[in-house]
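Asker: Pasting a structure below so you can have a look.
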Amino acid sequence: MAGDAKRNGGLFGVGKWFTSTKPVALDSTNPSPPPGVNSSLHSPNPSSHAGYNPYVSHSPEGSFKAGAAPNLSSPGPNNPYLSHSPGGSVRSGRYPDQPYAPPQPVSYIPSAQPGPSNPSPYGPGHSFHQVADPTGPYTTGQPPYPPQDQWSGRITDEPEPDPVPSGNAIQIYSAPPASHSGYLLHGTLEVGIFQAVNLPNMDMFSEKVRQYTSKLKEATGMGAPTTITSDPYTTVVLGDARVARTRVISNNVNPVWKEHFQIPVAHHVRDIVLEVKDQDVMGSQFIGKVSISAGSVLNGGVVDGWFPLLNSQGNPCKAGAQLQFSARYMPVEQNPIYTQGVGIDAHGVPNTYFPLRMGCRLTLYQDAHIYDDTLPSIPLDGGKSFVQARCWEEMCTAINDAKVLVYIAGWSVFDKITLVRDLNRPVVEGGNLTLGELLKKKASQGVRVLLLVWDDKTSHDILFVKTAGVMNTHDEETKKFFKNSGVRCVLAPRYGANKTTWFRQKVVGTLYSHHQKITIVDTVGPSGPRRLTSFIGGLDLTGGRWDTPSHTLFASLQKEHKNDFRNKSWEYKPESGGPREPWHDWHCRIEGHAAYDVLKNFEQRWMKAAKRHDDELIDIDRRDDLLGPSNRAPPSGDRSLFVSDDNDPETWHVQVFRSIDSGSVKGFPTTVDEVQKENLVWGKSVAIDISIQMAYIKAIRSAQHFVYIENQYFLGSSYNWPKYTTAGANHLIPMELTLKICSKIREGKRFAVYVVIPMWPEGIADSAPVQEILYFQSQTMKMMYAKIADTLRETGLISQAKPTDYLNFYCLGNRETLKPDEPAPLNPPEKSTPHGRSQASRRMMIYVHAKGMIVDDELVIMGSANINQRSMDGSRDTEIAMGGYQPQYTWACKRRHPRGQVFGYRMSLWAEHLACLEPVFEQPQSLECVQRINYMADRNWEQYAAPEITDMRGHLIRYPLKVEDDGTVTNLPGFQTFPDVGGKIMGSNQQSIPDDLTA
38 MAGDAKRNGG LFGVGKWFTS TKPVALDSTN PSPPPGVNSS LHSPNPSSHA GYNPYVSHSP
98 EGSFKAGAAP NLSSPGPNNP YLSHSPGGSV RSGRYPDQPY APPQPVSYIP SAQPGPSNPS
158 PYGPGHSFHQ VADPTGPYTT GQPPYPPQDQ WSGRITDEPE PDPVPSGNAI QIYSAPPASH
218 SGYLLHGTLE VGIFQAVNLP NMDMFSEKVR QYTSKLKEAT GMGAPTTITS DPYTTVVLGD
278 ARVARTRVIS NNVNPVWKEH FQIPVAHHVR DIVLEVKDQD VMGSQFIGKV SISAGSVLNG
338 GVVDGWFPLL NSQGNPCKAG AQLQFSARYM PVEQNPIYTQ GVGIDAHGVP NTYFPLRMGC
398 RLTLYQDAHI YDDTLPSIPL DGGKSFVQAR CWEEMCTAIN DAKVLVYIAG WSVFDKITLV
458 RDLNRPVVEG GNLTLGELLK KKASQGVRVL LLVWDDKTSH DILFVKTAGV MNTHDEETKK
518 FFKNSGVRCV LAPRYGANKT TWFRQKVVGT LYSHHQKITI VDTVGPSGPR RLTSFIGGLD
578 LTGGRWDTPS HTLFASLQKE HKNDFRNKSW EYKPESGGPR EPWHDWHCRI EGHAAYDVLK
638 NFEQRWMKAA KRHDDELIDI DRRDDLLGPS NRAPPSGDRS LFVSDDNDPE TWHVQVFRSI
698 DSGSVKGFPT TVDEVQKENL VWGKSVAIDI SIQMAYIKAI RSAQHFVYIE NQYFLGSSYN
758 WPKYTTAGAN HLIPMELTLK ICSKIREGKR FAVYVVIPMW PEGIADSAPV QEILYFQSQT
818 MKMMYAKIAD TLRETGLISQ AKPTDYLNFY CLGNRETLKP DEPAPLNPPE KSTPHGRSQA
878 SRRMMIYVHA KGMIVDDELV IMGSANINQR SMDGSRDTEI AMGGYQPQYT WACKRRHPRG
938 QVFGYRMSLW AEHLACLEPV FEQPQSLECV QRINYMADRN WEQYAAPEIT DMRGHLIRYP
998 LKVEDDGTVT NLPGFQTFPD VGGKIMGSNQ QSIPDDLTA
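Under the numbering used here, think of the first position of the sequence shown as 38, with each following residue one higher.
The following block contains the structure:
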């Protein structure tokens, strides 16, 4: 199948989640291992747990008190969600009071496996230390497990299964019947993968060669190599989505993993499948699988035991080949962390590399610049107002005022741009310089200036070979400009981690990029030494980014954009005239301890990419003139770095998130145990930070009223698309949004989701990559609307409501009439070309490059991450983002709609997009607001698409697709392709392009 061929090159989506392989303390009887397993693998290990689980009771007496399970304890700090009384924890819910430890396995093959007469290697002394779901804690109080001698080998709806002498342990509690699409698993799937036995040797050819060569080596006295056999690992698969994967154990047909996964799930599936595979240089080979009905883990059901591994024909892959694992599930609605949005307590997203920092300050920017008096001041609570800040002007000032360091990392950095272009503003020192000149000036003053720029492998500047590269990032130009200056500019390729296969390293290095956008400078503090300020978001310091909320097409070509003309929708030449491609983005300024987390990310990347120059990083600990965090500071932050007091109503709590793996940083741990301690993910010998996706999942699951998204891309949850479910875009965000809407419909509550995306991805609209992205995008939309319509039918509301009452997609566009003082282009384009037609119609999309989300007007997430698999995966593009909220402006604190800076930011964005503010905008979850926004967006589309040319005031346009009341998504009548530029609006799948590139 072509789809399978494309999928083989892809990474899994949701799935390299938190694992644990803590040492096992065996009981004094030292029970025998399963047959075929070396007993040395089961020897007692006296070492203690180095990590901890913040969601498990840590009382001295342990936490598990039910059934015949052992009394476990797991050291660690207090958990704010649980009781910490000396007598153990008191909690309510469904789950037993301890991380799930496998009960004594029973025999599937009589006398061949451990059973009641053959004790389990996981005896009473075993303490299986779980790593919690990064999105929240477990609750407890499930009916106690039956005694181990009553675990049944059959699936039953009885509350207690009939005892049998042997079999696999599968216990379910009144599982509902499956729908046509299977069971809905929405919450956290907890899977323990312990070991396998008697696996077949998938490397027989290599072993035969080894045996032959070993005889030669023995004859020459060189010695013989070790036996060559399978290199197994296990994956957890839900439908077409691979959601978890163990590490690879080399040359072992009896592997012991002892790994534990907390997997966020939002899947309709019939079965939970565990596949054992053999790792090879060019990929992997299927060994065998175990399939368990998804219904077996619903309503508190638990699966545990030894299961035969079957081949693709349903037969044993080898006599005696078995897998030992356990599984249980907790639905979203039973997890207290999702009940009230941000909430009162400061927890943020738990179990992430960077914790939530208190005492911060956050400045939110829209676009690179804002002219005076172009956007209204937004009234806020407490008599305050939201006043728009000017991003590039403030960045220019911060760079110019730096005394110690200026660190910049970007997908693209171009030395020839100017940051300040508004001639009506007071003169900014350094504003008359290009970025390159400004950085050279600072370096000449003794400031340490370091640039870390993605090395596009398609660009070259060597002797007579000079190419701009496919992405035109100016990387070679920028490096050449700073050569022999005080500025150190390092080009950083996106390398795959060393421990991945050769093939995987080539895929990563060819398809993916360093996508973070970071500027770090030292600034004046409230008193005493200087401190760091960090800027992150969607704005690269490169060409085409400077823009304002007016998003002009032609009017600024001889002014602000005279030397910065850009439009990638055709092969453009500045002398051919407009329209230019307007650029809309989000960016932010972070002050406080969170700014130092951005620094740590930069340092880790610099030490990986610039090994010869790692001594050029400023050692903050040795500087008396620059504050740094204490090593003993609590997770909430070093109070010496606070820039606002806890009682200050304008204080912020900020948390930094990333998508990045050990191939791009130095300092990530190299073992599974260490990975767990650092709150990272272990994926096939690679440590991965996937906290950006975790932040989105937690925010959406916790949302109570509305979600507003602006993003350059919106595609995902491909495992549930109507077509092409094997695309590999398996992140959960679209499905989480859909299920949130569906849950609110069932509860009879209002909820609204607004999504603003570009009219088409940047590039030529009918090109193969753009068409495939549009196809993936339309599949995502179809999936979401279909499920919402199904829910309206199920609840009997289909005649009273429609999907667009809850979910809507928009884009931005502009149109300008010809002005008397506008010069004619020197070399006009052909009238029949996309450029010529766009010039004649005087219209162009506004390119939405923002990457952020606002939830309930209390939480904002923004950064460099798109809503696609490339950005959310963790092992593809490198990304950075932040989540921030004002603790005194939340629903929990105010007991009403909060009107703090997040509210002001959203209202300011809507003022930009709609050219007005109306009272109904203050309640975005209301049906009245949704209908009003849709009415205005429809009128703007009519103006954009009309034959007559008129100036557009508002820019928000309903995305040019039609959504029927039954959820069907079709083309608008007369618009199967985009105006002027062509290209199918719904896109088309391209078999010639790897999905890893476009998903």
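Think of the CB as a built atom: it goes at the ideal place given N, C-alpha and C, for glycine as much as any other residue.
#1: Out of W978, S755, Y609, which has the shortest C-alpha to C-alpha gap to P866?
#2: Let me know the secondary structure DSSP gives T688 once reduced to three states.
#3: Put D698 into one of helix, strand or coil per three-state DSSP.
#4: Take the Cβ of I953 as the centre, count every other Cβ of all protein chains shown within 10 Å, and call the residue buried at 16 or more, exposed below.
#5: Ordered along the chain, which non-local residues of its own chain (more than five positions away) have a Cβ less than 7 Å from that of I778?
#6: Buried or exposed: which applies to L460, given that a residue is buried once 16 or more other Cβ atoms fall within 10 Å of its Cβ?
#7: What is the DSSP secondary structure of D914, reduced to helix, strand or coil?
#8: Return yes when the Cβ of F591 is within less than 8 Å of the Cβ of G575, no when it is not.
#9: I think Q741 touches Q377, with their Cβ atoms under 8 Å apart; what is that distance to the nearest whole Å?
#10: Return the CA-CA distance between S804 and G1020, expressed in angstroms with no decimal places.
#11: Report back the beta-carbon spacing between V524 and L569 to the nearest angstrom; my notes put them in contact at under 8 Å.
#12: Express the C-alpha separation of Y884 and K839 in angstroms, rounding to a whole number.
#13: Alpha helix (DSSP H) containing H384: first to last residue?
#14: In the DSSP assignment, the beta strand (DSSP E) including H304 goes from what residue to what residue?
#15: Using the rule of at least 16 other Cβ atoms within 10 Å of the residue's Cβ for burial, across every protein chain shown, is R995 buried or exposed?
#16: Buried or exposed: which applies to H305, given that a residue is buried once 16 or more other Cβ atoms fall within 10 Å of its Cβ?
#17: Determine the contact status of S363 and G229, defining contact as a CB-CB distance below 8 Å.
#18: Can you have a look at R333 and say buried or exposed, based on whether 16 or more other CB atoms are within 10 angstroms of its CB?
#19: Report buried or exposed for Y249, applying the criterion of at least 16 other Cβ atoms within 10 angstroms of its Cβ.
#20: Below 8 Å on the Cβ atoms is my contact criterion, and I expect H992 with G850 to pass it. Report the Cβ-Cβ distance as a whole number of Å.
#21: The alpha helix (DSSP H) with W928 in it runs from where to where?
#22: How long is the line joining the alpha carbons of H630 and I573, rounded to whole angstroms?
#23: Under the rule that 16 or more other beta-carbon atoms within 10 Å means buried, what is T515, buried or exposed?
#24: Going by Cα to Cα distance, which pick from R936, Q923, P984 is closest to D382?
#25: As a quick exercise: from T556, D493, A480, K453, pick the residue whose alpha carbon is nearest that of N469.
#26: Hey, S1025 and Y812: beta-carbon distance below 8 Å or not?
#27: Using a threshold of 8 Å, state whether the C-beta atoms of V285 and Q316 are closer than that.
#28: If you pair each beta-carbon of the segment 671-686 with each one of the segment 892-901, do three or more pairs fall below 8 Å?
#29: Assuming contact is defined by CB atoms lying nearer than 8 Å, are R626 and T400 in contact in what I supplied?
#30: Please list, in chain order, all residues of the same chain as Q814 whose beta carbon is under 8 Å from its beta carbon, the five residues on each side excluded.
#31: Whose CA, out of T927, L855, K314, R969, lies closest to the CA of S593?
#32: What span of residues does the alpha helix (DSSP H) with A823 cover, start to end?
#33: The beta strand (DSSP E) with G674 in it runs from where to where?
#34: Give, in chain order, every unbroken run of the beta strand (DSSP E) that is at least 3 residues long and sits entirely within the segment 583-638.
#35: Would D341 be called buried (16 or more neighbouring beta carbons within 10 Å of its own) or exposed?
#36: Three-state secondary structure (DSSP) at Q1039?
Answerer: Result, derived from the coordinates:
#1: The closest CA to that of P866, considering only W978, S755, Y609, is found on Y609.
#2: The answer is coil: DSSP assigns T688 none of H, G, I, E or B.
#3: Looking at D698 - three-state DSSP - the assignment turns out to be strand.
#4: According to the sequence provided, residue 953 is Cys. The question's Ile does not apply to it. Classification for C953: exposed.
#5: The answer, listed in chain order, is F788, V790, I825, Y843, L844.
#6: Answer is exposed; the Cβ neighbour count stays below 16.
#7: D914: coil per DSSP, three-state reduction.
#8: If you check the CB distance, G575 and F591 do not come in under 8 Å.
#9: Indeed, because the Cβ distance is near 7 Å, the residues count as touching under 8 Å.
#10: Answer to the nearest angstrom: the Cα atoms are 8 Å apart.
#11: Incorrect: roughly 19 Å between the Cβ atoms, too far for contact.
#12: Using only the alpha carbons, I get a separation of about 29 Å.
#13: Per DSSP, H384 lies in no alpha helix (DSSP H) and is assigned neither H nor E.
#14: H304 -> beta strand (DSSP E) spans 293-306.
#15: Buried.
#16: Classification of H305: buried, given that the 10 Å Cβ count is 16 or more.
#17: Yes; because the gap between Cβ atoms is below 8 Å, this pair is in contact.
#18: What sits at residue 333 in the sequence shown is Ser, not Arg. It counts as buried.
#19: Annotation note: pLDDT 48 at Y249 (below 50); position unreliable, no value reported.
#20: That belief holds up - the Cβ atoms of H992 and G850 are roughly 6 Å apart, short of 8 Å.
#21: Counting along the chain, W928 sits inside the alpha helix (DSSP H) bounded by residues 928-931.
#22: The alpha-carbon of H630 is positioned some 15 Å away from that of I573.
#23: Residue burial is scored here from C-beta neighbours: T515 has at least 16 other C-beta atoms within 10 angstroms and is therefore classed as buried.
#24: If we check each option's Cα against that of D382, Q923 comes out closest.
#25: N469 has its Cα closest to that of K453, out of T556, D493, A480, K453.
#26: In this structure, S1025 lies near Y812, with their beta-carbon atoms less than 8 Å apart.
#27: Result yes, Cβ atoms of V285 and Q316 sit closer than 8 Å.
#28: Using a C-beta cut-off of 8 Å, the segment 671-686 makes no contact with the segment 892-901, since fewer than three inter-stretch Cβ pairs fall below that distance.
#29: Yes, Cβ-Cβ distance for R626 and T400 is below 8 Å.
#30: The answer, listed in chain order, is Y750, F751, L752, I794, G1024.
#31: Minimum Cα distance to S593 is reached at L855.
#32: For A823, the enclosing alpha helix (DSSP H) has its first and last residue at 805-831.
#33: Per DSSP, G674 belongs to no beta strand (DSSP E) and is neither H nor E.
#34: Entirely contained in the segment 583-638, the beta strand (DSSP E) runs reaching 3 residues are, in chain order, 623-628.
#35: Burial state of D341 is buried, judged by a 10 Å Cβ sphere holding 16 or more other Cβ atoms.
#36: Any property of residue 1039 remains undetermined from this structure, which presents the chain solely from 38 to 1036.
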